[in-house]
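Chains as they are written, first to last, in the working numbering: chain L, 1 to 235; chain D, 1001 to 1321.
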């Protein structure tokens, strides 16, 4: 697992994806930060993190699109799959490499709030809570990205497919507003909505059930990815 | 060391492998020979655990590759049809990665250095793999398979796409590997098997049609060896003379002419070499011989002959009963 993790992480920087990801992430986060706090003359972080959630939904699929599709296309996966490495540890190695990229970029950009220090009282607890929430949501997005990447040989399809799934999941929260609040479907939709759960974090609440939800959603897609590889040997 | 037990791989109603069994001992160099699409790659992919079989089992060093893949894969070095190299890494970085991936416990510097020199890659070890020629990439693939000094090395078409000099180098390399490893290689070139292997397993359409020592295969090929002879002279005189030569099983005139020469097919009985006698007969009679060439030495006709032979064995067995 460690070998694959290290190779993936280094792979981001021997190609262009790592640089593109970091540059875009830092630049767009900077722009969002400027508009949501500096220009709006506020230290409130809610809109910053909401925008960052949507931005992650687009940028993370680009980070994960190559993970498996490229290996499949160039047949390098034959090396991984005939080496004494289990499929789960191969998938986890790739997951962790993408996750480290994301977490590093996110934590770095969150330090932008230090800029506000001279001008306003900052609610650090809220910011830390939001960062944790984004770190959790990122786990889910990356797991979805890896799963879709394992399904195709084409990077672009992997990215587009991942974005589509993520936005479908985010769209569930739009549906909830159409359903009367006393209806049981509303309860179910709220429970599985990534967005609704994220908002309890942005508003400063920490819910254990949300933590469990995000971790299980990520685990589910990682499990699907492992199954894709298990199944492929039989076809 | 390697054992295949009734391997079947089915895609829909197509059989890529149909009841393939063999056992390969330690230190053997075995060639899997067959035309493209015969099932060689499928067999190798199953042995290395990349694919699973529809039924049957594969064992490496006595370990079932499906039941205990991680343990079994420790004993395998595999070069797939397309070398599994990452273009954006240097040769050295790549081999370091494979070393870590396979959790090898030898002294890293010495081990990688040795492999680099065995496959003659030392000069290019700091170059990006994507900038290397096909021959070098293939060697990187071979180097990768040797990391960890696995007991079994499996090469899928190791000389495809190489130039003649590189082919000789790779064949020499493989022959040397046979001293320390069990080697399985696949090829569709008969000469390659004869040059490198001790034993050959011939696969056609997913079935094993022959499994024998290479010198015995050579005998099979030479049994009833045919030559095409071109002789100037009256065919009514030449043909009976050819038939009278001892060691000639049959001779017939083929259609067509080569200038003023007629073309004959001469089949020898058993493994006797009739070329000298044919020459002498022509010389004594003053018939200029303008051509003498073996026919039927190519893979296709050997297949046909082997299939015939195995059919004959089967029908022979039935009549005995």
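The beta carbon of each residue, even a glycine, is placed where N, CA and C say it ideally should be.
Just so it is clear, the structure is predicted and the values come from calculations on it, not from any experiment.
Proximity of residue 1102 of chain D to chain L, defined by a Cβ-Cβ separation below 8 Å, is satisfied. The beta carbon of residue 36 of chain L sits closer than 7 Å to the beta carbons of 47, 48, 51 from its chain, once the five residues preceding and following it are set aside; these are given in chain order.
With respect to the C-alpha of residue 1139 of chain D, the residue from D:1081, D:1232, D:1275, D:1214 having the closest C-alpha is D:1081. Inter-residue distance for residue 111 of chain L and residue 10 of chain L is about 25 Å (C-alpha atoms, whole angstroms). For the stretch 101–134 of chain L, the set of positions with a beta-carbon nearer than 8 Å to some beta-carbon of chain D is empty. By the 16-neighbour rule on beta-carbons within 10 angstroms, residue 191 of chain L is exposed. Ranked by Cα distance from residue 1203 of chain D, the first of D:1007, D:1132, D:1002 is D:1007. The residue from D:1014, D:1038, D:1023, D:1005 with its alpha-carbon nearest to that of residue 1205 of chain D is D:1038. Unbroken alpha helix (DSSP H) stretches of 4 residues or longer found wholly inside the stretch 135–201 of chain L: 155–176, 184–192, given in chain order. Contact between the stretch 196–208 of chain L and the stretch 124–140 of chain L is present: three or more C-beta pairs spanning the two stretches fall below 8 Å.
With a threshold of 16 other beta carbon atoms within 10 Å, residue 221 of chain L meets it and is buried.
Between the stretch 1146–1156 of chain D and the stretch 1177–1197 of chain D there are three or more C-beta pairs closer than 8 Å, enough to call the two in contact. Assignment of residue 1181 of chain D by DSSP, reduced to helix, strand and coil, places it in the coil class. Leaving aside the five residues that flank residue 1116 of chain D on each side, the residues in its chain whose CB is nearer than 6 Å to its CB run, in chain order, 1122, 1125. Taking a Cβ-Cβ threshold of 8 Å, the residues of chain L close to residue 1076 of chain D are 82, in chain order. DSSP places residue 92 of chain L inside the alpha helix (DSSP H), whose first and last residues are 87–110.
The three-state reading of DSSP puts residue 1211 of chain D in strand, counting E and B together. With the rule of 3 Cβ pairs closer than 8 Å, the stretch 20–34 of chain L counts as touching the stretch 100–109 of chain L. If the five residues before and after residue 88 of chain L are omitted, its C-beta is found closer than 6 Å to the C-beta atoms of 226, all from its own chain and listed in chain order. Take the alpha-carbon of residue 1248 of chain D and the one of residue 1279 of chain D: they are about 13 Å apart. Look at residue 1132 of chain D here: in three-state DSSP terms it is coil, with no helix or strand label. Residues of the stretch 55–89 of chain L whose Cβ lies closer than 8 Å to any Cβ of chain D, in chain order: 74, 75, 76, 77, 78, 79, 80, 81, 82, 83, 84, 85, 86.
The residue among D:1069, D:1087, D:1226 with its C-alpha nearest the C-alpha of residue 82 of chain L is D:1069. Pairwise C-beta distances place the stretch 1260–1271 of chain D in contact with the stretch 1230–1237 of chain D, as three or more of them are shorter than 8 Å. Non-local C-beta neighbours of residue 127 of chain L in its own chain, meaning closer than 7 Å and more than five positions away in sequence, comprise 45, 110, 113, ordered along the chain. Using a Cβ-Cβ cut-off of 8 Å, residue 233 of chain L counts as an interface residue toward chain D, since at least one Cβ of chain D sits closer than that to its own.
Going by beta carbons, residue 176 of chain L and residue 189 of chain L fall inside the 8 Å limit. Within chain L, the residues whose beta carbon sits less than 9 Å from that of residue 1049 of chain D are 81, 82, 233, listed in sequence order. For chain D, the residues of the stretch 12–23 of chain L that bring a beta carbon within less than 8 Å of one of its beta carbons are 14, 15, in chain order.
Put simply, the CB of residue 1059 of chain D is far from chain L, with every gap to its CB atoms at 8 Å or more. Residue 1155 of chain D has a beta carbon lying at 8 Å or more from every beta carbon in chain L. Boundaries of the alpha helix (DSSP H) around residue 33 of chain L: 17–33.
With at least 16 other beta carbons inside 10 angstroms of its own, residue 1200 of chain D counts as buried. Just measuring C-alpha positions, the residue of D:1170, D:1004, D:1198, D:1136 sitting nearest residue 1056 of chain D is D:1004. DSSP places residue 6 of chain L in the helix class (H, G or I) of the three-state scheme. Taken in chain order, the complete alpha helix (DSSP H) segments of 4 residues or longer contained in the stretch 1005–1088 of chain D are 1040–1047, 1069–1073.
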